[in-house]
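See below for the structure under consideration.
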């Protein structure tokens, strides 16, 4: 086998290198990659939690007694933590989504802007999560 | 009978565009909702109920949920296409997601116009 043929052979049989260890510790995602995977995770989380949010909307509008009961329930700290997680998911999905809309319009495609806007998305979602969290706490 | 080509250009364009338009509708609703809630009186049951008995709020919330339904369908379908490789299981999950989303829309109408 010639060198060139051996090379094609090697590139054809690519090693599979995806396992939990590689995902967690070895594959270094670039910053915009983090924004991207968090956009997916937050979207999935919001969809899964939709039934809970609709239930809360339902209870909050059902009657004054149901509203006050819900208010008490939302005051428990595990519930507040869950709400905080959803607020973060909504904020991240919102800001990352706006970033993608600009990317679709070919705005902010160069590396420096892509990194800067990634930081802005991560920062803005945290700031707004803290703000809304402070309002409900 | 002609063979229908189910892959190729433009087949995904409508969903791609719909996901972005519905995103904009939801973003605008979110900003308005936050401003209305934060600038109004502190929320108690009466304030909250009065907000949702106004016609514009009901219609806007319905528009939001309709946008959410389409947006979430495209997003969840993308996730299923990426991670679920078996066609049978994927189809079953997609049908479940569609039925769930339809039920949510029905439930929202019930909540808003009770």
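Residue numbers (our numbering), protein chains in the order written: chain A, 1 to 137; chain B, 138 to 251.
Glycine included, C-beta positions come from ideal geometry on N, C-alpha and C.
Asked, Found
"Hey, how far is the Cα of residue 101 of chain A from the Cα of residue 125 of chain A?", "17 Å"
"For residue 213 of chain B and residue 95 of chain A, which I take to be in contact (beta-carbon distance under 8 Å), what is that distance rounded to the nearest angstrom?", "Not quite, the Cβ-Cβ distance comes to about 21 Å (not below 8 Å), so this is no contact."
"Along chain B, in chain order, which residues have C-beta atoms closer than 7 Å to that of residue 60 of chain A?", "185"
"Answer yes or no: does any C-beta atom of chain D fall closer than 8 Å to that of residue 167 of chain B?", "Protein chains in the displayed structure are A and B, and chain D is not among them."
"Thinking just about the alpha-carbon of each residue, which of A:22, A:28 and A:135 is nearest to the one in residue 84 of chain A?", "A:135"
"Look up residue 29 of chain A in the DSSP assignment and say whether it is helix, strand or coil.", "coil"
"Starting from the C-beta of residue 207 of chain B, find all residues in its chain whose C-beta is less than 7 Å away, skip the five residues before and the five after it, and write them out in chain order.", "155 and 159"
"Do you know how far the Cα of residue 130 of chain A is from the Cα of residue 181 of chain B?", "22 Å"
"Alpha carbon to alpha carbon, how far is residue 246 of chain B from residue 199 of chain B? Give it in angstroms, no decimals.", "7 Å"
"If you count every other CB in all the chains shown that lies within 10 Å of the CB of residue 81 of chain B, and 16 or more means buried, which is it?", "An answer regarding residue 81 of chain B cannot be provided, because it is not within the stretch 138 to 251 covered by chain B."
"Can you find a C-beta in chain A that's less than 8 Å from the C-beta of residue 149 of chain B?", "no"
"Considering just the uninterrupted stretch of the alpha helix (DSSP H) at residue 152 of chain B, what are its terminal residues?", "150-176"
"DSSP three-state call for residue 179 of chain B: helix, strand or coil?", "coil"
"Does the CB of residue 159 of chain B have a neighbour CB from chain A at under 8 Å?", "no"
"Distance, Cα to Cα, residue 249 of chain B vs residue 59 of chain A?", "12 Å"
"Mind checking which residues open and close the alpha helix (DSSP H) that includes residue 87 of chain A?", "77-104"
"Look at the alpha carbon of residue 204 of chain B and the alpha carbon of residue 163 of chain B, and state the distance between them as a whole number of angstroms.", "7 Å"
"Could you tell me which chain A residues have their CB closer than 9 Å to the CB of residue 173 of chain B, listed as they occur along the chain?", "None at all; the shortest Cβ gap to chain A is about 14 Å."
"Could you tell me whether the Cβ atoms of residue 42 of chain A and residue 93 of chain A are closer together than 8 Å?", "yes"
"Could you check whether residue 54 of chain A and residue 241 of chain B sit closer than 8 Å to each other, using their CB atoms as the reference points?", "yes"
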